[in-house]
Amino acid sequence: MLELRGVHKAFGRHCVLRGVDLEVPRGEVAGLGGPNAAGKSTLLRVCAGLVSPDRGIVRVAGRAPQDARRRGLIAWSGEAGGRFQRRLSVLANLIYAASWSGTPRRTAEREIRRLAERFGLTEELTRRADACSLGTLQRAALVRVVQSEAALVLLDEPVSSIDPESSEPVRRALAEELRRRGCSALWVSHRPHEIAPLCNAWFGLDAGAVAPIPTDRAA
Numbered sequence: 003m004l005e006l007r008g009v010h011k012a013f014g015r016h017c018v019l020r021g022v023d024l025e026v027p028r029g030e031v032a033g034l035g036g037p038n039a040a041g042k043s044t045l046l047r048v049c050a051g052l053v054s055p056d057r058g059i060v061r062v063a064g065r066a067p068q069d070a071r072r073r074g075l076i077a078w079s080g081e082a083g084g085r086f087q088r089r090l091s092v093l094a095n096l097i098y099a100a101s102w103s104g105t106p107r108r109t110a111e112r113e114i115r116r117l118a119e120r121f122g123l124t125e126e127l128t129r130r131a132d133a134c135s136l137g138t139l140q141r142a143a144l145v146r147v148v149q150s151e152a153a154l155v156l157l158d159e160p161v162s163s164i165d166p167e168s169s170e171p172v173r174r175a176l177a178e179e180l181r182r183r184g185c186s187a188l189w190v191s192h193r194p195h196e197i198a199p200l201c202n203a204w205f206g207l208d209a210g211a212v213a214p215i216p217t218d219r220a221a
């Protein structure tokens, strides 16, 4: 699970987070919205252990986020689609990522192909990463985070480059697969009407503070 208590973060004189309290139980997907430059990405980076809060407590599966990240308990998927070995195929990249957790190649490939079908990636598996569109790399990044053994998945506009016509089934498949795995997920989006119906809870971040919003109102 993810837990934040009284988290503050400032950059110089600019206070970005002001006493943030937020909890995402195991097996639940929480959404986070708010105006541009409200601090949503900073909050995700604090959760990932990439930025240290000035005050407050952050725990991922009971551990400090830096420790959780070192143990492979945190996975991230964002607008850029994540890092891939450019000269390798999408499939080879995903098999390599699965090897970090010691998953046997045959087992990993079977799961990758199952997830690729769910995320509309099957026809792109043999394509080199440097020949893929950003939307394809976002789909591949989603397969990678879902097949990981992370306790917490952080999603920063993870389908923003996928064409609108096919993004709806991808979003739905992502929410279903995250719950199937039983991890916690925090999903940042500036389109709450698309994401909130898929979430167990929705939060708004504004002026550095986080407040819960009923998912039907967020949508």
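What the sequence shown shows, in my numbering, is residues 3 to 221, in sequence order. Here a beta-carbon is modelled for each residue, glycine too, at the ideal position from N, C-alpha and C.
Other residues of its chain near L123: CB distance less than 8 angstroms, five sequence neighbours each side excluded:
Excluding residues within five positions, the ones whose Cβ falls inside 8 angstroms are V92, L117, T138, R141, A142, V145.
What three-state label does DSSP hand D56 in the structure shown?
Looking at D56 - three-state DSSP - the assignment turns out to be coil, as it is neither helix nor strand.
Between which two residues does the beta strand (DSSP E) containing I215 stretch?
In the DSSP assignment, I215 falls within the unbroken beta strand (DSSP E) covering 211-215.
Taking 8 angstroms as the cut-off, decide whether the C-beta atoms of L136 and S163 are in contact.
Annotated as proximal: L136 and S163, with beta-carbon spacing under 8 angstroms.
Between which residues of its own chain and R65 is the CB-CB distance below 8 angstroms, once the five residues before and five after are set aside?
R73, L75.
Ends of the beta strand (DSSP E) at G206?
Note, G206: beta strand (DSSP E), 203-208.
Other residues of its chain near R71: CB distance less than 7 angstroms, five sequence neighbours each side excluded
Within the same chain, R71 has close Cβ partners A50, G51.
Where do the ends of the alpha helix (DSSP H) carrying R193 lie?
Here R193 belongs to no alpha helix (DSSP H), and DSSP marks it neither H nor E.
Other residues of its chain near D132: CB distance less than 7 angstroms, five sequence neighbours each side excluded:
Spatial neighbours of D132 in its own chain (CB-CB distance under 7 angstroms, excluding positions within 5 residues in sequence) are listed in chain order as R88, R89.
Where in the stretch 27-55 do unbroken runs of the beta strand (DSSP E), each at least 3 residues long, occur, reported from the N-terminal end onward?
Look at the stretch 27-55 and you find these whole runs of beta strand (DSSP E), each 3 residues long or longer: 31-35.
Please work out which residues of its chain come closer than 7 angstroms, Cβ to Cβ, to C201, disregarding the five sequence neighbours upstream and downstream, and give them in chain order.
The beta carbon of C201 is closer than 7 angstroms to those of V31, A32, G33, W189, T217 in its chain, skipping five residues each way along the sequence.
Label H102 either buried or exposed according to how many other C-beta atoms from any shown protein chain fall within 10 Å of its C-beta, with 16 as the threshold for buried.
Correcting the residue type first, residue 102 is Trp in the shown sequence and not His. Taking every protein chain shown into account, the CB of W102 has fewer than 16 other CB atoms within 10 angstroms, so this residue is exposed.
For P67, does the count of other Cβ atoms within 10 angstroms reach 16, so buried, or fall short, so exposed?
So P67 counts as buried.
Let me know the secondary structure DSSP gives R107 once reduced to three states.
In the three-state reduction of the DSSP assignment, R107 falls in the helix class, which pools H, G and I.
Let me check understanding here. Comparing Cα to Cα, which of P37, P27, R183, H10 lies closest to P194?
Ranking the options by Cα distance to P194, first place goes to P37.
Residues near S79 by beta carbon distance below 8 angstroms, same chain, minus five either side
Annotation for S79: Q140, A143, L144, R146, V147, V155, L156, L157, D158, P160 place their beta carbon closer than 8 angstroms to its own, counting only its chain and skipping 5 residues before and after.
Going by the beta-carbon positions, is the gap between A175 and R219 smaller than 8 angstroms?
No, the pair does not count as a contact, with Cβ atoms beyond the cut-off.
Would you give the residue range spanned by the beta strand (DSSP E) that R7 belongs to?
Taken as a continuous stretch (DSSP letters only), the beta strand (DSSP E) holding R7 covers 4-13.
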